Amino acid sequence: QASYDHIRPYWDQIGVTIAGRHVFDITDGWDGKPPSGIDHVVVVTHRPAPEGWDPNAPFHFVHGIEAAVTKAQELAGDRTVEVAAGDVGGQMLAAGLVDEVRMDVAPVVLGSGVEVAAGDVGGQMLAAGLVDEVRMDVAPVVLGSGKRYFGSVDAQHLLEDPDVVVQGNRVLHLRYRVRR
121 QASYDHIRPY
131 WDQIGVTIAG
141 RHVFDITDGW
151 DGKPPSGIDH
161 VVVVTHRPAP
171 EGWDPNAPFH
181 FVHGIEAAVT
191 KAQELAGDRT
201 VEVAAGDVGG
211 QMLAAGLVDE
221 VRMDVAPVVL
231 GSGVEVAAGD
241 VGGQMLAAGL
251 VDEVRMDVAP
261 VVLGSGKRYF
271 GSVDAQHLLE
281 DPDVVVQGNR
291 VLHLRYRVRR
């Protein structure tokens, strides 16, 4: 219930999501229907819409993050513009086009990647009941050879400490304000 109470009001405010072409492709363009009741999706890409794509679908293909923000604000009116993270999110954060960052942390990774607390020896020990607790330290930066959450190292230092922390069922919801 805590997750629903935290997320539902935010989702109800979203009018437009900005996403990169990779997210669009791996979701198969959400079958032409924006996710979670969102009105429009603006896709940042250097490629045209997929062949046979319905031109009346509420998806807008633009070149560059500035064009994406302009189009998204036009479409959203007084509703919220959401940016799906990844490369586009990191570029927008570094360019000063983001007001806050929301992060939902769960002990699994969707898509490709390493599951947290379930890989190799750690996962085997957890499954065998040999582990008493799992600790995760969450920061908006990945050290070592991992992929950074928000692009360049300089962009990583643009975030304040989390100002909202909500404990859900097997998930932690965080909101970071962007330092100006």
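Throughout the sequence shown, residue numbering follows this note's numbering, covering 121 to 300 in sequence.
All C-beta atoms in this analysis are idealised placements derived from N, C-alpha and C, irrespective of residue type, glycine included.
Values in this document were obtained by computation on a predicted structure and should not be read as measured data.
- Stretch pair the region 191–203 + the region 131–140: three plus CB contacts closer than 8 Å: yes
- Query: Do you know offhand how far H166's Cα is from V182's?
  - Reply: Computed Cα separation, rounded: 8 Å.
- Item | Candidates V284, R299, P175, G157, of which the one nearest R222 by Cα | V284
- Message: Less than 8 Å between the C-beta atoms of V291 and S123, yes or no?
- Response: yes
- Task: Using the Cα positions of P282 and E171, report the straight-line distance between them to the nearest angstrom.
- Result: The alpha-carbon atoms of P282 and E171 are separated by roughly 42 Å.
- Query: To the nearest whole angstrom, what separates the beta carbons of D219 and V161, a pair I think is in contact under 8 Å?
  - Reply: About 20 Å; that fails the 8 Å criterion.
- Task: Please state whether DSSP places D198 in a helix, a strand or coil.
- Result: coil
- Query: Quick one, which of A177, R128, F144, L250 has its alpha-carbon nearest G152's?
  - Reply: A177
- Note the first and the last residue of the continuous alpha helix (DSSP H) segment covering R141. 141–146
- Test item: CB-CB of V203 and G209 under 8 Å: Yes.
- Message: Looking at the strands, I want to know which residues DSSP matches up with I138.
- Response: V162, V203
- Query: Who pairs with L250 in a beta bridge, going by DSSP?
  - Reply: For L250, which the question treats as bridged, DSSP gives no partner whatsoever.
- Message: My output table needs one value for L292: the three-state DSSP class, helix, strand or coil.
- Response: strand
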